[in-house]
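Engineer:
Residue numbers (this note's numbering), protein chains in the order written: chain A, 1 to 158; chain B, 1001 to 1158; chain C, 2001 to 2077; chain D, 3001 to 3077.
1) Counting C-beta neighbours from all protein chains within 10 Å, is the total for residue 1008 of chain B 16 or more, i.e. buried, or is it exposed?
2) Per DSSP, what kind of secondary structure is residue 1124 of chain B in: helix, strand or coil?
3) Excluding five sequence neighbours on each side, which residues of the same chain lie with their C-beta closer than 8 Å to the C-beta of residue 1028 of chain B?
4) Can at least three beta-carbon pairs, one atom from the region 1057-1077 of chain B and one from the region 145-154 of chain A, be found at a separation below 8 Å?
5) DSSP three-state call for residue 1101 of chain B: helix, strand or coil?
6) Do you know offhand how far residue 119 of chain A's Cα is from residue 2021 of chain C's?
7) If distances are taken between C-alpha atoms only, which option among A:58, A:76, A:106 comes closest to residue 2052 of chain C?
8) Could you tell me the boundaries of the beta strand (DSSP E) in which residue 69 of chain A lies?
9) By the three-class DSSP mapping on this structure, what secondary structure does residue 21 of chain A have?
10) Around the Cβ of residue 1052 of chain B, are there at least 16 other Cβ atoms within 10 angstroms (buried) or fewer (exposed)?
11) Interface residues of chain B around residue 3010 of chain D at Cβ under 7 Å?
12) Beta-carbon within less than 8 Å of residue 2010 of chain C's beta-carbon, same chain only, minus the 5 sequence neighbours each way: which residues are those?
13) Once the 5 residues before and after residue 158 of chain A are set aside, which same chain residues still bring their CB inside 6 Å of it?
14) Check the Cβ of residue 44 of chain A against every Cβ in chain B and list those closer than 7 Å, keeping chain order.
15) Going along the chain, which residues of the region 1107-1120 of chain B sit with their C-beta nearer than 8 Å to a C-beta in chain A?
16) What residue does the alpha helix (DSSP H) around residue 1086 of chain B start on, and which one ends it?
17) Please confirm if residue 1029 of chain B has its CB atom under 8 Å from at least one CB of chain A.
18) Report, in whole angstroms, the separation of the C-beta atoms of residue 102 of chain A and residue 64 of chain A, which I expect to be a contact under 8 Å.
19) Can you tell me which of B:1062, B:1134, B:1121, B:1133 puts its alpha carbon nearest to the alpha carbon of residue 1087 of chain B?
20) Any beta carbon of chain B sitting closer than 8 Å to that of residue 143 of chain A?
21) If you measure from the beta carbon of residue 3007 of chain D to each beta carbon in chain B, is any gap under 8 Å?
22) What residue range is occupied by the uninterrupted alpha helix (DSSP H) comprising residue 3015 of chain D?
23) DSSP three-state call for residue 3072 of chain D: helix, strand or coil?
24) May I ask you to verify whether the region 2033-2050 of chain C touches the region 1131-1140 of chain B, counting CB pairs closer than 8 Å and requiring at least 3?
25) Output yes if chain A places a C-beta closer than 8 Å to the C-beta of residue 1130 of chain B; else output no.
26) Can residue 18 of chain A and residue 100 of chain A be called in contact, C-beta distance under 8 Å?
27) Could you pull the start and end residues of the alpha helix (DSSP H) that residue 2024 of chain C belongs to?
28) Measuring straight from C-alpha to C-alpha, what distance separates residue 3013 of chain D and residue 26 of chain A?
29) Among residues of its own chain, excluding the 5 on either side of residue 2002 of chain C, which ones have a beta-carbon nearer than 7 Å to its beta-carbon?
30) Helix, strand or coil: which one does DSSP assign to residue 1156 of chain B?
31) Using 8 Å as the limit for Cβ to Cβ distance, is residue 1019 of chain B near chain A?
32) So, helix, strand or coil for residue 3039 of chain D, using DSSP?
33) Would you mind stating whether residue 50 of chain A and residue 1046 of chain B have Cβ atoms separated by less than 8 Å?
34) With burial defined as no fewer than 16 other Cβ atoms inside 10 Å of the residue's Cβ, what is the status of residue 43 of chain A: buried or exposed?
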């Protein structure tokens, strides 16, 4: 799936990616920061959240997980919440990467990061993005257990 | 400076390092996760905060920064807040790395990370650790400006 | 003159298809689209609805060419 | 029988030394240590105080062998 990267005027930088490929969150953060030449010396704070596939859920072992999404709407929704974050907080950059398709325990599901001059906006924007993503972005998890499979019905409350 | 790493029973893992050497926060997070074999498949969430040196403060350009600390008390204080985080939240691991000595704009000053099963405890523990560190850990910044130098008197509110 | 109706996740499995085309000859609400598409049942309250990639309420009126989606509560992240 | 008194950051520069040894013949509070170490001035309210690497209040009593530290508000992170 393609990287949707937005470079806007007024210092608004948001990047969104939905990918079927495994990704290393720390490597991606490193690469993203390397690309932030315009923020050199301006970024005092970055808050990140990484969500990882656990090997059990509701007391059952989970062997694989299938993540379905609504192509088009997903990206549009993630763009919308990124824009809202820039409106609400004094931040410099945001990055959201979300995996879809089949994955295994310990695989990274999602990465959210917010860069800012100071830590308050960085933390608040990061938390906002992951909460909005979890509650509203059109993704659905299906777990394969030792016997059979099931759709996950609700997320853990934040 | 040496790495103080604590491996306790009951799944309590906390690591603390105070270092004069530049460090790459994403590389260190990657390395730390690689060492977390015991949490494979158990960690659903990690929240991190990275603080970076900005090139200006209070309207003045900053060329270099000197970070002084109180050796011994610093590590003891960081251990104390890490232990408190484990008491308050259901977390699996914490990592704190703080730079001291001379540094330059865009250098990483501090890294704080908290691993947990779920995102609520990860975020809350991470935020707690950086706030306690900023408000109470015995570090002091001295900035070298274009002309002269000065001690930083207060941190930005969280 | 048709609208596209999409279903996702567990709902897709229950309905038995991921997408269908529905002929429209007059304005329809999202609820009416559901009823026509899914054999006269009424729209279950827990389902979410989107028109042209944006969340909408079930009384939103759709027109030919629109893409209407029905899906269960989301579980990403 | 002495105590170690340490000063950090801007306070270290003002006092002109990072560490000194103070003879003690009787129990002293942290405030009294300051007064003896720093020429009879009283302890400024904004300074922080630690004994043996832990924060304490200024009326804490110290004994020979203790390490007492005075420092300005912290600015790490």
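Beta carbons are placed, not taken as given, at the ideal position from N, Cα and C, and that holds for glycine.
Structural biologist: This is what the structure gives:
1) With a pLDDT of only 44 at residue 1008 of chain B, under 50, the local geometry of the prediction cannot be trusted, and no value is derived from it.
2) helix
3) 1095, 1097, 1111
4) no
5) strand
6) 49 Å
7) A:76
8) 60-69
9) coil
10) buried
11) 1151
12) 2072
13) 131
14) 1051, 1052, 1054
15) 1117, 1118, 1119, 1120
16) 1073-1088
17) yes
18) 6 Å
19) B:1121
20) no
21) no
22) 3009-3015
23) coil
24) no
25) yes
26) yes
27) No alpha helix (DSSP H) holds residue 2024 of chain C; DSSP gives it neither H nor E.
28) 41 Å
29) 2021, 2022, 2023, 2024, 2064
30) coil
31) no
32) coil
33) yes
34) buried
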